[in-house]
Amino acid sequence: MLAAPFLSKANYFSGADDTIKIALIGCGGRGTGAAMQALLSKQNVKLVAMADAFRDNLDRSYKRLTDPENAKNNGGVDLASRIDVPEERKFSGFDAYQKAIPLADVVILATPPGFRPIHFEEAIKQSKHVFMEKPVATDPTGVRRVLAAAETAKQKKLNVVVGLQRHYQNSYRELFKRKKLIGDITSAQAWWNNDGVWVRKRMYGQTEMEYQMRNWYYFVWLCGDHICEQHIHNMDVINWFKEGYPVKAQGMGGRQVRKGKDHGEIFDHHYVEFTYADGSVLNSQCRHIPGTMSKVDELLIGTKGKIQCGDANIVDPKGKVLFQFDTKTDNNPYQTEHDELFAAIAKGEYKFADAENGAKSTMTAILGRMATYTGQVVEWDKALASPLNLQPQTYDFNAAPPVLPNDEGYYPVSIPGVTKYGF
Ligand SMILES: NC(=O)c1ccc[n+]([C@@H]2O[C@H](COP(=O)([O-])OP(=O)(O)OC[C@H]3O[C@@H](n4cnc5c(N)ncnc54)[C@H](O)[C@@H]3O)[C@@H](O)[C@H]2O)c1
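Residues in the sequence shown are numbered consecutively from 234, following this note's numbering.
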């Protein structure tokens, strides 16, 4: 978080009253949830525009947001009164974001991460505050674009919150405050191991681009692979506590069970050894294989003890508890990130500049993926400077996406030792 120079409210609001107008770009599960959380913050927030590549997804989201049943879970708050999105402010297609962004003070970016760099760039160009989901890119070219736009956001004093919500969770914040209790951090472990996620099967009549957009998790240009899409949360915690980013990575990975036609090109497991500038090592593992051990957690080991994030405690080398956070009192970080963002905006404060860390933690995940896909030692500086750009030449439902299936409907999958990845 930044020091908070007070700025005139005139910098923040498009209207004369205190209404903060929001636009939702990417109206899926998380975007709909984030819009609800923004509307439930204590400020006078109004959803005025919605944009999605697909109109049916937008309609589903609108229905969910305006459902009177919501009030039962929202302490009686009727969200519908905070939503003003008539037909002419519902936009679909690849260019929908360009139409929605100008209408808002704050934009929520929650599409698959491949689009984040262009959407974030546009929001900052139009001087909007941003809540954007992680990851913020899927390739180094996208990371560099986000870093450049993050710099512009700082110059324009635009608040940017990234949905790496552990930064907004009290248990993590309290552990971070006490990290000196473990001395120097010499190693760390991070896990995102579980059964995996949804598959959206190919439907009759879809173009290849539409199919990949709908089944986006399985295509690296859209998703970044699961090391990037989910495991980023855990690597980001280690970066946060280390107050730095790895200088190199090496690792291994592949796909053992994720072999169907609808499984695109991503792996189902990655194990990466990240080395930081001081020589300390993060061992990171992520696996999407049903029937295996589930664990989503982080552990930091120091010269004087351990921080066990999952247990929300700090212990000395003998296991004596030095600090225990009462997890029963923990907050909902998904709500807190919006509460704090909108409170700052309402007060005219410049308080949040999460984009740079969001980009560098995304780069950490991409570095890990480059290591597992190639089987080589990959250095941060070279990886970040890599010309690797996975995005299509043209965004159009009839255009060819950057990866295509073979005659049998299967996609090429990276092979360590063979795959060369842009440097
Ligand atoms: N912080 C968290 O814990 C958390 C949890 C879930 C998802 N997420 C993140 O949120 C993002 C979205 O995930 P989701 O689960 O909501 O996926 P989703 O598939 O439910 O929603 C994505 C939506 O974006 C739309 N979309 C795709 N391309 C678009 C484009 N170019 N322009 C406009 N709309 C477009 C899709 O049609 C879809 O409606 C991902 O980056 C994901 O990692 C974060």
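Every residue gets a Cβ at the ideal spot worked out from N, C-alpha and C, and that includes glycine. Because the structure is a prediction, the values reported are computed rather than measured.
Residue from the options whose Cα sits closest to the Cα of residue i
| i | options | result |
| --- | --- | --- |
| Tyr401 | Met603, Gly477, Asp587 and Ile255 | Asp587 |
| Glu641 | Asp372, Asp495 and Gly457 | Asp495 |
| Asp250 | Ala381, Gln276, Leu623 and Pro625 | Gln276 |
| Val646 | Pro625, His571 and Ile499 | Ile499 |
| Phe507 | Lys528, Gly477 and Arg491 | Gly477 |
| His502 | Asn427, Gln439 and Leu532 | Asn427 |
| Asp511 | Phe630, Asp458, Lys332 and Asn472 | Asn472 |
| Arg263 | Asn622, Gln568 and Pro635 | Gln568 |
| Asp572 | Ile258, Lys254 and Val278 | Val278 |
| His462 | Asn631, Val610 and Ala592 | According to the sequence as given, residue 462 is Glu; it is not His. For Glu462, the nearest C-alpha among the options comes from Ala592. |
| Leu391 | Phe364, Val369, Ile415 and Thr374 | Phe364 |
| Trp203 | Val376, Ala576 and Gly416 | Nothing about residue 203 can be reported from this structure: the residues present for the chain run from 234 to 656 only. |
| Gly484 | Leu515, Cys456 and Ile418 | Leu515 |
| Gly347 | Thr652, Asn639 and Thr595 | Thr595 |
| Lys413 | Ala256, Leu637, Pro638 and Val548 | Val548 |
| Leu574 | Gly266, Ile258 and Ser274 | Ser274 |
| Ile418 | Asp285, Ile534, Glu570 and Lys553 | Ile534 |
| Val369 | Phe558, Thr525 and Asp469 | Asp469 |
| Trp431 | Asn403, Met442, Tyr450 and Arg349 | Tyr450 |
| Ser360 | Ile648, Gln557, Gly438 and Ile334 | Ile334 |
| Ala482 | Ala382, Ala598 and Pro638 | Ala598 |
C-alpha distance - residue i paired with residue j, whole-angstrom precision
| i | j | result |
| --- | --- | --- |
| Met283 | Ala313 | 14 angstroms |
| Pro566 | Thr605 | 31 angstroms |
| Asn467 | Lys305 | 33 angstroms |
| Gly261 | Lys434 | 17 angstroms |
| Pro550 | Ser527 | 26 angstroms |
| Asp530 | Gly543 | 5 angstroms |
| Pro301 | Leu600 | 45 angstroms |
| Phe239 | His362 | At Phe239, the pLDDT of 40 sits below 50, so the modelled position is not reliable; the number obtained from the coordinates is stated separately. Near 15 angstroms, if we compare the C-alpha coordinates of His362 and Phe239. |
| Lys367 | Thr299 | 26 angstroms |
| Tyr509 | Lys332 | 42 angstroms |
| Trp454 | Leu623 | 5 angstroms |
| Ala236 | Leu621 | Caution is warranted here: a pLDDT of 43 is assigned to Ala236, below 50, making its placement in the model unreliable, and the coordinate value is therefore given only provisionally. About 36 angstroms. |
| Glu384 | Arg378 | 10 angstroms |
| Tyr654 | Gly608 | 10 angstroms |
| Thr252 | Tyr583 | 18 angstroms |
| Met685 | Val611 | Outside the displayed span of the chain (234 to 656) sits residue 685, for which this structure offers no information. |
| Asp458 | Thr652 | 15 angstroms |
| Pro373 | Cys456 | 13 angstroms |
| Thr440 | Asp629 | 10 angstroms |
| Ala545 | Ile415 | 14 angstroms |
| Gly266 | Leu257 | 11 angstroms |
| Lys254 | Ile357 | 16 angstroms |
| Lys389 | Ile460 | 32 angstroms |
| Asp627 | Pro345 | A small fix is needed here, since residue 627 is Thr in this sequence, not Asp. Answer to the nearest angstrom: the Cα atoms are 17 angstroms apart. |
| Gly581 | Gly524 | 50 angstroms |
Collapsed DSSP secondary structure at residue i in the structure displayed
| i | result |
| --- | --- |
| Ile522 | coil |
| Tyr245 | Caution is warranted here: a pLDDT of 48 is assigned to Tyr245, below 50, making its placement in the model unreliable, and no coordinate value can be reported. |
| Leu397 | coil |
| Trp279 | Going by the sequence as given, residue 279 is Lys instead of Trp. Strand. |
| Ala237 | Any reading at Ala237 must be qualified, since the residue scores a pLDDT of 43, below 50, and its modelled position is unreliable; no value is offered. |
| Ser294 | helix |
| Lys481 | strand |
| Tyr654 | coil |
| Ile599 | helix |
| Gly309 | coil |
| Lys580 | helix |
| Tyr644 | coil |
| Phe327 | coil |
| Asp285 | strand |
| Ser594 | helix |
| Ile341 | strand |
| Tyr628 | coil |
| Asp250 | coil |
| Ala304 | helix |
| Leu574 | helix |
| Ala633 | coil |
| Ala255 | The question names Ala, but residue 255 in the sequence shown is Ile. Correct three-state label for Ile255: strand. |
is_contact[residue i, chain C] using C-beta, thresh 8 angstroms
| i | result |
| --- | --- |
| Cys456 | Absent from the structure: chain C. Only one protein chain is present. |
(message) Does the contact criterion of 3 or more C-beta pairs under 8 angstroms hold for the stretch 420-437 versus the stretch 515-525?
(response) yes
(request) Could you tell me whether the stretch 444-454 touches the stretch 530-541, using the rule of 3 or more Cβ pairs below 8 angstroms? (result) no
(message) Quick test of the definition: if touching needs 3 or more C-beta pairs under 8 angstroms, does the stretch 551-566 touch the stretch 334-342?
(response) The stretch 551-566 makes no contact with the stretch 334-342: fewer than 3 CB pairs, one atom from each, lie closer than 8 angstroms.
(request) Output the residue ranges of the alpha helix (DSSP H) runs that lie fully inside the stretch 406-466 and measure 4 residues or longer, sorted by chain position. (result) 441-447, 453-456 and 459-462
(request) Please specify which runs of the beta strand (DSSP E), each continuous and at least 3 residues long, are wholly inside the stretch 510-556, giving them in chain order. (result) Runs found: 514-521, 528-535, 538-541 and 546-548.
(request) Pair every Cβ in the stretch 395-411 with every Cβ in the stretch 612-622, then say whether three or more of these pairs are closer than 8 angstroms. (result) Put simply, the stretch 395-411 does not touch the stretch 612-622. Fewer than three CB pairs are less than 8 angstroms apart.
(message) Three or more C-beta pairs under 8 angstroms: does that hold for the stretch 392-399 against the stretch 477-490?
(response) no
(request) Would you be able to state if there are at least three C-beta pairs under 8 angstroms between the stretch 264-271 and the stretch 347-356? (result) no
(message) Could you tell me which whole alpha helix (DSSP H) segments of length 4 or greater appear in the stretch 354-388?
(response) 373-388
(message) Does the stretch 314-328 come into contact with the stretch 282-296, if we say contact requires no fewer than three beta-carbon pairs (one atom in each stretch) closer than 8 angstroms?
(response) A contact is defined here as three or more CB-CB pairs under 8 angstroms, and the stretch 314-328 meets this definition with respect to the stretch 282-296.
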